[in-house]
Structure formats: structure tokens, C-alpha cells
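Number of protein chains: 2
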Amino acid sequence: MSSTSLDDSTGLSRRQLLRMIGLTAGNAAMYQAMSSLGFAADSTYTGPINLQGAPKGATVLVLGAGIAGMVAAYELRAAGYQVQVLEYNSRPGGRNWTLRGGDKFTELGGYAQECQFDKDHYINPGPWRLPYHHRGILSYCKKLNVPLEPFVQINYNAYVHSRKGFGGKPQRYREVKADYQGQVAELLAKATKQNALDQQVSAEDRERLLESLRDWGALDKNFQYVAGQRSNERRGFERPPGGGLDARPEFSKPIGLSEILQSGIWQGIAFADEYDTQQSLMQPVGGMGKIGEAFGRALGELIRYNAKITQIKQSDHGVTVTYEDTTAAAPVKGVAAGPALTASADWCVCTIPLSILSQIDMNVGAPMAAAIGAVPYASAVKVGLQFKRRFWEEDDHIYGGISYTDLPIVNIGYPSYGFHDAGKGVLLGAYIWGMDAMEFTSMTPDARVKRAIDYGSQIHPQYRTEFDNGVAVAWHRVPFTLGCFGVWNEDSRGKHYENLCAIDGRIVLAGEHASYIPGWQEGAVTSSLDAIGRLHQRAVAKGAKS
Amino acid sequence: MSSTSLDDSTGLSRRQLLRMIGLTAGNAAMYQAMSSLGFAADSTYTGPINLQGAPKGATVLVLGAGIAGMVAAYELRAAGYQVQVLEYNSRPGGRNWTLRGGDKFTELGGYAQECQFDKDHYINPGPWRLPYHHRGILSYCKKLNVPLEPFVQINYNAYVHSRKGFGGKPQRYREVKADYQGQVAELLAKATKQNALDQQVSAEDRERLLESLRDWGALDKNFQYVAGQRSNERRGFERPPGGGLDARPEFSKPIGLSEILQSGIWQGIAFADEYDTQQSLMQPVGGMGKIGEAFGRALGELIRYNAKITQIKQSDHGVTVTYEDTTAAAPVKGVAAGPALTASADWCVCTIPLSILSQIDMNVGAPMAAAIGAVPYASAVKVGLQFKRRFWEEDDHIYGGISYTDLPIVNIGYPSYGFHDAGKGVLLGAYIWGMDAMEFTSMTPDARVKRAIDYGSQIHPQYRTEFDNGVAVAWHRVPFTLGCFGVWNEDSRGKHYENLCAIDGRIVLAGEHASYIPGWQEGAVTSSLDAIGRLHQRAVAKGAKS
């Protein structure tokens, strides 16, 4: 473990942070921990916003051209407001971001990467999938004509891998899931037949439960999960059936429940049942960044890029923002990049991540100021790896989906597009969380890529010979966000959440950090719609100019 | 129920047929029945076939330009044989078939349909998905540059529907699956804690089992599946979390296990675990027929279309096939369509479905002849429905996947392509099996469509107002196959399968009917490769001309 720690900067103990980001065990525990923080979630989006009666000539300054900021600008413009957006980056989208061949990215400390992927390949350093129930972000995909395609989340032929089991050999998800489910069903059938559940299950339901367990667990007629046709039609065959002569199948043997339990490998099997990773999920054709790019085109001249906010001041009459044009001069350490510029408006929708905003001079009241300082940002690292061929399809017969491991890389994500393409291919080689992410963050980009290759080759030995190039984004070193997403817990929610969201004078905050869906674009969308709805009400109440 | 029955023609009692096709209950029972017939299966495909040393000048006649026939022709030509293919239809593919707007199809009895779908919409009357483990057919997709895309099989937001439960109201798969799994896990946790399983589970595994059940079943800290954060992160929320103020989620209540059991609705929930319908699955972009069309282009002039085989005669020296050109004269009842034509070759690969082949004059030995007559063909009906808008996406938030019902329509399949398209949309409105299929088969195409609308509107009331047009294919009335696929049972396999596959003189049979993967294209591919491998050996042994 690296000794690098963000504990100091957030005021959290290492143990608190560990608990918050749920690192102590594998994915399932992590997910549970994330869930208890309100990470796994749905959306309150119910339909298009309808803002009527914008005061004539009213102006709004939107800070940040990420999803929250651009939703705000898009809807406020439609409602009749005069809108200007200031954005730090030279592109729209914020964390909605796709790295493609030729794209350059410089992180804190000056490490510059240029993505070397072949044409049509990409990685999404930020969000990479759209759950079916994230209706807000999906509605903007539709409105902005962003073509979507299926994102394959669950692939029974992908691997689950645990260092603790099977001699470190990855197992097919299909086998582990079938064998766990089958043996759980067999155990419950036994208990039911032994009348151990007579208190819980009525005599009437008893036979139905047994019947359902047989079907659901792929049990044989004696309610046993054993090598045979039924189990093999879930877990696969030793020698599969075929055509012509000598084509009769031979049966494979299930893995014992004890081995599954002791390996800890069961931790990955329910991931596809979780609400946010249930199918169907979708992705924009060509990368998640297509959404931000479409918003950027729709907003056009409204967005001023390369604008680094340095101060946000409000009065009873309006808001004035001071910013630098980062392209105006070569950045020199300790010297502002360009002359101070200002922009003013009646109202301000600020979507700057709290990790950045907490460092900006801003005159809001104590409650909002305290809230801005109270939310630490999660650590995450994504690594994209290009290989000389799509060996996962050719050799492993994996088309899309995700392999899970208890190695620090957590995920290997296979592309849901370009199946069978003859050229090179790009994997998500790592999606790292918590302390492991902090360790990776402390490395150079090259070292992160190398480490992802080292770990991944335990699952795909082809990594060693087929690796072509890679790119690694450590969110705590991304200048425009300094972290992946805002991490709430019950305590901070109780103390600060409403103060964060409440309008302070002429300023309202929006973004995933101001939602119960942190870390998801849907949080940004619903937060933004809620914020501008309330701001609009206040603007209407105040009238055109006040 | 219609009184129409194929029992007489197959020599099977109605009860036998029912049992064979597994009609007595819902999908799960059907699937189990199909499975016991060797329906659900994998593939023995291990890599490209390598036929070396074809006798100089040796000729092969391939009967049928379906997948089996075209694989044979493609590989035998590559091996140096002179190949000719005779095909009944005016297109390649056979049951690999996509109906698009403007396509015409005339079934037995003369009922003609012209598909009225809008551009880019289609239905596959035959196979519609490619499992990841069907490596043979996938390898030809790659070889022939047929682009593939994900086929969304499992969608947690699709419906499961039972006439017996919930007042006939469709339920979300998500809720039923989460609640069944959660309550099964809770019951087993109870039994484990009551020491009812001490014989089966060691003390060492006991705690691990409990921990795994909590994770897998989304149980709370007391091992209970109750309304709350954990269960709702599987089954969904009463009021989902959102952004901004007033965005805290409200929890939904699970459905009781008893209600799930009594409704029979549990029968659909393990379908996505079955080997043939496990993800990832794929489909050719633009319809399954793209594979047949690509083969057709690759074979070009080798295929003679519109050739109706009437006789197959072999001698010690070769095979002569008599056929009619069905385009030569307008068909008049009782009169041959055109003059008898013949084609001859040293060898013959016959891929004609047994339902047709059993009616053709052919001099093979008694064992093969008996085998040809011993395999009845399954009944199936598919109905494609075009609607004025994609209401399943707009209203129901269903993107791809399948809803299951115990109504005769069985499936409603949602397109995995064209998400959010503004125009019309096409559903698979029914995929009907067994006796229900026979009843539908006895109707006119229009009546089938109307009936599918009647049933489907119980799940999607929008059917009533949004229906545009439809097309219905009843496989027992499809002239080129007279049934969907060959149905084997243990008895017929034992008596006839090897005789069907063994080379008879100069003739070898191939197709899904000559495989352990009936009803799947992979059966056709592996059967064909096995057949031509053996035929090649015999040809090499016999020499160029004998």
C-alpha cells in the first residue's frame, strides 16, 4: 500500500475513509458500502421540465459545462433566460468524457498523456453505462439525438477471479453462478423436506416451493444438483453436444459449495442483480463523451471554454464571477495564466465539483460554506489498454461484459461494440477504488498501465504478448475535479445536504454532489433540474431586475 | 384448441407430442422438456475444418442452401471439389431468414403476405440470436464479415406475466426475481441458523454461507429480506432517489413468496441462466438473414435457386437428382411447375429437412430411410408487429430484452437496436410453441396477427391504439420446411440417430436434424462439418472417379 493518503485534506481518518468507500472486502462489500452511502440509486426524473414566465432580460451565469451545467443552460435558455456558461476545460462534458486516439490529457504534476488508440476505439474515464431507469440522462440522449447501443453488463462466459481460490485460476461466471445457485436450492429443498421450515412455509406452498427450487436451481428429479443434463444446461458441458456422429455431450462436474464459499468468489455473482447494474444498460455509440459533445454543439457560443474560475461574488442584485483565460499565456508556476476577466448575471448556477469549489473565494452563507467543505471526493482510477488483437473474443469467447477480480484492478471490461473486428481492440483494464486507487494515483501514468498489465495477465495471460499501448486516468489528479465524485454518509447528509442544495441568495449549486445518486450522471441531471426549477421560482418572484 | 393435429402424420399420439414439446406448463417446464430432448446445447466446434487432398475433378451436389448446405458448399469448394447447390427458395438461407418491408411470403394454402414494415425494421421468423458458445456459426459470421451487435436477452425491467397471479397484471422481472431470490436466501439463512443443515454444511462453512446469502439475497443485517435500502437496490424504489431537495428515496415493499409461488410467475425467472439464453448473445446487424445472404454472395453462381427436388437416385458411381424449376411455369394444382431437370455428381450432401425429405423418392438403405421417417417436426409460430411508436421504450422504459407470459404468445421480444428512434418500431409479438402453435397455424395470417394483438394488449395496453401492421409465420405451413425443427427423444435417438448421420453409399445428410443441437444454427454448422469431413475421407479413399 502506498502511504499517500487524502485523509488529512478531508479531515477523515483513514479508517473512516476505508469504511466509507467500502474497501475491506471484494466488490460485494464495496457495493454494499457504496449503497449505504446512497450510491446505488434510481432517479426522480418524471419528464421534461417546464419553466414558464422567465423574467424579461433575466440573466444566468452557469459555472461548469459538465452534464449538470449544460442541462441547466439548455433548459434556462429554452425558458427565455440569457445564459452564459464558463468552463475550465477546452471541451464540454466534464466527467462525461471519452478518450480516443490523439486525445491529450495532462494531469496534476504535469504528466501528459496522448492516447494512442486506433481509430474507433476509446475508453470512458468517467461514466461508461446508462441504466434503463436513469430517465433524465436518457431523455437528453433522445432529445439531442445521441445514438445508443446496448452495454453488455452480464456475460456468463466472463471470468470471476479470487486470489483465495482455485489456485488463483479464473473461473467462468457461468459455472460459479450455476453451482452456487444450484447448491443453495438443493440445501433449501432438503430443509423444506425435513420440515425445518414449517413455521415459515405453509403446507400449501411447500410443494410449490420445491417445484420452483428444482427449476430455479436446475436440480434433478431428486432435488439434487449433480453432474447431468440439467446442471450442465446452466454451467456448461465437459464435452459439448455437437452435430453428426460422435456428438453426444459429456457432463461436467459442479464445483462444491464449500470451495465457492471459501474462495470468496461468490462475491461477484449478484452484481448483475443490483439496480444500477441490472440490464438493460446502454452506451452512446462511439463513447459516453458523445452526450457532452452533443450538449456542447447544442449550446454553441453560450459556452466560454478555458475559463478558470477564481472568485464568485454575489450582492443583492447579482453575481460576478472572476476567471482567467487559461490559453491567454503559458502557465508559469505561481503566476496567473492570464488577466482576470469577469462575468456578471442576475443569478448563478454553480456546478463546480465541491473539491474545487471549496478552494474558490465565494461569499455564501455559513451553512452552504460548511456543506461545500464537508464532502470528500472518492478516489478512482481507470486504465484503458489497447491490444494487438481481440484475444478475449478469439481465445476466450467473451463478447462484451465484465470480468471481476479481487485484485486491485477490480474489473476487466470488454467492449460491447466491434465484435470480431480484425484490428486492434481496447479493454477497460482496471476500474480501481479506494485505497488501491490511491496507490495507483501515486504512480506515474506509465506505471499505472504497467501495473494493470501485471494484474490483468493473471486473468488473461495473453496480456504479455498482445499489449500495444495504454492510458490511465487517476481522478484525484484530474485538474478539473480532483476526485471522482462526492462521497456522502448518513452523518454528512443529515448535517449538510439540505444546506448544500438550498439557494443561497442568488447562487444555487447543482451536480451529482447535490443528489442522492452520487457518481452517476442521473444525479447531475436531476440535481440540475431541481436547482433551476427552484431558481426560476425565485427569479419569477423577484421579477426581471431587482 | 384447434383440432388440427400432426399426430397422424408423425405416428405420435397427441399426448406423446405434448410431452415431447413440453406444453403442459409455462416456459420453464417447456424448456426442461426441450432440454431433455437435447434441445438446449452447446457445440463441438473447435476450429476451421481442414480438408486436404480432394480427388481431382470430384463433384458434389449439395441439396439445400440453408446454413448446413452452404457451409458444406463453402468448405468443399475451398477443398477443391466442384460443387453445385440446388435450393427450393429464390433466396439463400433457408430458416436463416429475415422478413423486411416489401418482402413477400406465401405459405401452404396460398395465403400470401407482404411485409409492411418501415425501412430498417424486421423480424426473424427463424433463429434470432447467437449464443456466445455457438462457435461454429460465429466463426462463419467472422469469416463472411457479417457485423454483429449485442442481442439483449435479459432485461430486469421487462415483464413477467401469469394469468394466475396479480390479477393478471404484468410484473417487472426485477421485482419478482429480487423478491424470490431474497426470500429463498432468507429461508435458507433461517434453516442454517436453526442448525437444520448441520449434516450438509460444516461449521467452518456455516458463517460463510450466511454471509454469502446476505449478499446474494440482499438481506438486511438480521438476514431478513424486508422493505429497505438493500432490497430496494434490487427490486427498485417506491419513490426513487433523485437530485436536489426533497430527493430522499422511499422504499417499496417486497411481494410475498407465497404470492410468487401461487402465481406460477417464478417460472420465467431462471430463463436467463440457461446455457442457450445466457448472455452474451448476439445478432447480425440488420437481421439474422444477413448470414444466409453473406453465404449466398460468397457462393454466387454455385447456387441454383427455385429448384424443387423431386427425386434423389444414387448408383455405385454417383448421384442424380431430379428437380423442377419452380419459375418455369405458373404453378397449377396437380401439374408439375416445369419440366424435369437433372443434376449429377459423384457425391451428395443432402440438407433437406426430414419433413420434406421423407416425401421425396430416394434410394437409400432401410436404416437411413427409417431414420428419415422417424423425426417429427416441432410446431412454432412467430408474429412480427409494427407499432406507430416505440411505446415500450417511451412509456415502459424497456430497451431490448424479452417479456414472458403464460399466454399462448409466450414472448414479447423488444428490439435490441434503434433505441429512441423517432419512427415506428417492430416487436416480436409472439413466439408460440406446441399445441398453441398448432392452433395459430390453423388460422389465416391476419387472424394470427389479430390474436397476438389481443393477447399482447394484456401486457401492453398500448397495442390497441398503436398497432400498425403485422406478419405471421407458422412453420408447419412454410413450404420449404413444413415445421420448425426436428424433434428427437431418447427412444428415437437410440434407434435412428446414427443411421441418419451415417453415409449411405454416396449420400450424407446434414442439418440441425442431424445434430444434438436441434433447432439451432450451430447444429446445422457442426452437423455439416462432421458430414463433409466423413464424406471427404470416403471420397479420398475412393479416388477421383470410381
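Protein chains in written order, with our numbering: chain A, 122 to 667; chain B, 122 to 667. The beta carbon of each residue, even a glycine, is placed where N, CA and C say it ideally should be.
Query                                                                                                                    : Result
First and last residue of the uninterrupted beta strand (DSSP E) at W468/A                                               : 468–471
Neighbour flag for K509/A against chain B, beta carbons, 7 angstroms                                                     : no
Chain B contacts made by the stretch 356–372 of chain A, where a contact means CB separation under 9 angstroms           : R356, G357, F358, R360, P361, P362, G363, G364, G365, L366, D367, A368, R369, P370
Integer-rounded CB distance, given that L207/A should sit under 8 angstroms from Y444/A                                  : 6 angstroms
Short Cβ contact (7 angstroms threshold) for G645/A with I188/A                                                          : Per the sequence presented here, residue 645/A reads as Ala, with Gly not at that position. Contact: yes.
Any beta strand (DSSP E) of 3 or more consecutive residues that is wholly inside the stretch 574–608 of chain B          : 588–595
The ligand MG heavy atom lying under 6 angstroms from the CB of S636/A                                                   : Ligands displayed in this structure: none; no statement on the ligand MG is therefore possible.
CB contact check: C605/A to chain B, cutoff 7 angstroms                                                                  : no
Element boundaries [alpha helix (DSSP H), containing A558/B]                                                             : 555–562
Under 9 angstroms (Cβ pairs) to chain A, residues found in the stretch 646–657 of chain B                                : V646, T647, S648, S649, L650, D651, A652, G654, R655
Burial state of A662/B, where buried means 16 or more other Cβ atoms lie within 10 Å                                     : exposed
C-alpha distance - Y280/A paired with V502/A, whole-angstrom precision                                                   : 21 angstroms
Contact set for A200/B: own chain, Cβ-Cβ below 6 angstroms, skip 5 residues either direction                             : L172, A175
Coil, strand or helix - Y253/B by DSSP                                                                                   : coil
Proximal chain A residues relative to R295/B, where beta-carbon distance stays under 7 angstroms                         : Q399
Sequence-distant residues of the same chain with beta carbon closer than 8 angstroms to G654/A, five excluded per side   : I170, L172
Proximity winner among W337/B, N532/B, G626/B, relative to W554/B (alpha-carbon distances)                               : N532/B
Reduced DSSP secondary structure (H/G/I, E/B, other) of R510/A                                                           : coil
Pair within 7 angstroms by beta-carbon distance, Q203/A and T180/A                                                       : yes
Beta-carbon proximity list for R327/A, same chain, < 7 angstroms, skipping 5 on both sides                               : T313
Residue-level contact to chain B via CB, Y195/A, 7 angstroms cutoff                                                      : no
Option nearest M556/B by Cα separation, candidates A499/B, K298/B, Q320/B                                                : A499/B
Outcome for G421/A when other beta-carbon atoms lying within 10 angstroms are tallied against a minimum of 16            : exposed
Exposure of S384/B, with buried meaning 16 or more beta-carbon neighbours within 10 Å                                    : buried
Neighbour list for F540/A in chain B, Cβ cutoff strictly below 7 angstroms                                               : L269, M403
Cβ-Cβ separation, G607/A to S636/B (assumed contact under 8 angstroms), whole Å                                          : Wrong, their Cβ atoms sit about 56 angstroms apart, outside the cutoff.
Proximity of V273/A and G522/A at Cβ, strictly below 7 angstroms                                                         : yes
Per-residue burial, P582/A [other beta carbons within 10 Å of its own, 16 or more giving buried]                         : exposed
For P405/A, the three-state DSSP class (helix, strand or coil)                                                           : strand
Supposed contact pair V547/B and I412/B - C-beta distance, whole angstroms, cut 8 angstroms                              : Between V547/B and I412/B the Cβ distance is about 20 angstroms, and since that is not below 8 angstroms, they are no contact.
Counted within 10 angstroms of its Cβ, other Cβ atoms place L229/B as buried (16 or more) or exposed                     : exposed
Straight-line Cα distance separating P566/B from W392/A                                                                  : The residue asked about is misnamed: residue 392/A is Phe in this sequence, not Trp. Straight-line Cα distance between these residues: approximately 43 angstroms.
Cross-chain neighbours of G644/B in chain A, by beta carbon under 7 angstroms                                            : G364
Cutoff 6 angstroms; reference P474/A; Cβ partners in own chain excluding five residues on either side                    : T602
Proximal chain A residues relative to H254/B, where beta-carbon distance stays under 8 angstroms                         : N278, G357, P361, H518
Every unbroken alpha helix (DSSP H) within the stretch 260–333 of chain B, with a cutoff of 4 residues, ordered by chain : 294–314
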